[in-house]
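Undergrad: Numbering (this note's numbering), first residue to last: 240 to 484.
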Ligand SMILES: Nc1ncnc2c1ncn2[C@@H]1O[C@H](COP(=O)(O)OP(=O)(O)O)[C@@H](O)[C@H]1O
Ligand SMILES: [Mg+2]
């Protein structure tokens, strides 16, 4: 196993509010880590710190042994997909994927379009290439966002509640895409409450509580019969069918 991300004793505060409290976490290449925990426990803040979008007050984060200092320091290494797709409304689906390749990766339009079409194929949207985002369903928009993030060939894909604004059917198609990526060995961090959707491919589940890791382990350990009361209470609250069903 090759270590990719090392979060070492980080603390993050907003004013006098401690959001991440001396938290450590390592993630190896090809791991699919699911981050769970109650609203406000610090999940988004943690992934934003890893992506260089937030500064930390204590500790250190490295990716491939390079310290994460800001967004620039992780440029190209991380692809992020958020709850609200953030597509460019005035670009076609293909241009949403292809334009960043031209501006950031300095690819020729023809090459960028070709790669863009390949990526759209991967998320099963090749037939929507010339449409505008407004004509797509939420699930399709999210898959375009995934294709766009993949275009940068990131070492890590981070999903922060990618399906929380979607109906169950549409959430399902987004998770199918995420599962395909897992099968290809893409390293991923997925923040979600939709535990049933990830239980077949997550390699590790990390339960965050009050800015600390309260429990972690494989799917069986975490969703089977954990002796962590707080985790069990949390699992009762979210959409979760028992693993044995
Ligand atoms: N930019 C910010 N300024 C002040 N407080 C923030 C900011 N971002 C997040 N917080 C606070 O940090 C805590 C953790 O937030 P967040 O990481 O978004 O939690 P989660 O994603 O687990 O719901 C919350 O109490 C939230 O209000
Ligand atoms: Mg959040």
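From the three backbone atoms N, C-alpha and C, an ideal C-beta is built for every residue, glycine too.
Just the C-alpha distance for residue 372 and residue 327, rounded to the nearest angstrom, thanks.
TA: Distance between the alpha carbons of residue 372 and residue 327: 8 Å.
Undergrad: Just list the beta strand (DSSP E) runs in the segment 306 to 383, keeping only unbroken ones of 3 residues or longer that don't cross its boundaries, in chain order.
TA: With a minimum length of 3 residues, the continuous beta strand (DSSP E) runs that stay inside the segment 306 to 383 are 317 to 320.
Undergrad: If you compare alpha carbons, which of 438, 394, 439 is closest to residue 290?
TA: Nearest option by C-alpha distance: 394.
Undergrad: Along the chain, where does the beta strand (DSSP E) that runs through residue 396 open and close?
TA: Its beta strand (DSSP E) spans residues 395 to 399.
Undergrad: Can you have a look at residue 483 and say buried or exposed, based on whether 16 or more other CB atoms are within 10 angstroms of its CB?
TA: Here the model assigns residue 483 a pLDDT of 43, short of 50, so the residue's position is not dependable, and the following value carries that caveat. Burial call: exposed.
Undergrad: Any heavy atom of ligand 2 closer than 7 Å to the Cβ of residue 400?
TA: Residue 400: yes, Cβ under 7 Å from ligand 2.
Undergrad: Could you work out which residue in 353, 325, 460 is closest to residue 337 when comparing CA atoms only?
TA: The shortest C-alpha separation from residue 337 is found at 353.
Undergrad: With hydrogens ignored, establish whether the beta-carbon of residue 312 is closer than 7 Å to any heavy atom of ligand 4.
TA: Summarising the ligand content, the structure contains ligand 1 and ligand 2 and does not contain ligand 4.
Undergrad: How long is the line joining the alpha carbons of residue 402 and residue 285, rounded to whole angstroms?
TA: Rounded to the nearest angstrom, the two C-alpha atoms are 19 Å apart.
Undergrad: Could you tell me which residues DSSP pairs with residue 274 in its beta bridges?
TA: Note: residue 274 sits in a beta bridge opposite 430, 445.
Undergrad: Could you give the residue range of the alpha helix (DSSP H) that holds residue 283?
TA: Per DSSP, residue 283 belongs to the alpha helix (DSSP H) from 282 to 289.
Undergrad: Going along the chain, which residues put their C-beta within less than 5 Å of some heavy atom in ligand 1?
TA: Those residues are 253, 258, 278, 279, 280, 281, 282, 283, 284, given in chain order.
Undergrad: Consider the C-beta atom of residue 430 and the heavy atoms of ligand 2; say whether any pair is separated by less than 7 Å.
TA: Under cutoff, so the answer is yes.
Undergrad: In this structure, what does DSSP give as the bridge partners for residue 253?
TA: Per DSSP, 256.
Undergrad: So for residue 302, helix, strand or coil by DSSP?
TA: If DSSP states are grouped into helix, strand and coil, residue 302 belongs with the strands.
Undergrad: Hey, how far is the Cα of residue 370 from the Cα of residue 430?
TA: Their Cα atoms are separated by approximately 29 Å.
Undergrad: Can residue 303 and residue 243 be called in contact, C-beta distance under 8 Å?
TA: Yes; because the gap between Cβ atoms is below 8 Å, this pair is in contact.
Undergrad: Nearest CA to the CA of residue 330: which residue from 287, 458, 387?
TA: The shortest Cα separation from residue 330 among 287, 458, 387 belongs to 387.
Undergrad: Beta-carbon within less than 6 Å of residue 245's beta-carbon, same chain only, minus the 5 sequence neighbours each way: which residues are those?
TA: Correct list, in chain order: 265, 301.
Undergrad: Evaluate residue 463 with the Cβ neighbour count: other Cβ atoms within 10 Å of its Cβ, from every protein chain shown; 16 or more gives buried, anything less gives exposed.
TA: Exposed: under 16 other Cβ atoms inside 10 Å.
Undergrad: Please state whether the Cβ-Cβ distance between residue 268 and residue 307 is less than 8 Å.
TA: No, the pair does not count as a contact, with Cβ atoms beyond the cut-off.
Undergrad: State the beta-bridge partners of residue 246 as determined by DSSP.
TA: 264, 300, per the DSSP bridge assignment.
Undergrad: What would DSSP say about residue 388, mapped onto helix, strand or coil?
TA: Reduced to three states, the DSSP call for residue 388 is helix.
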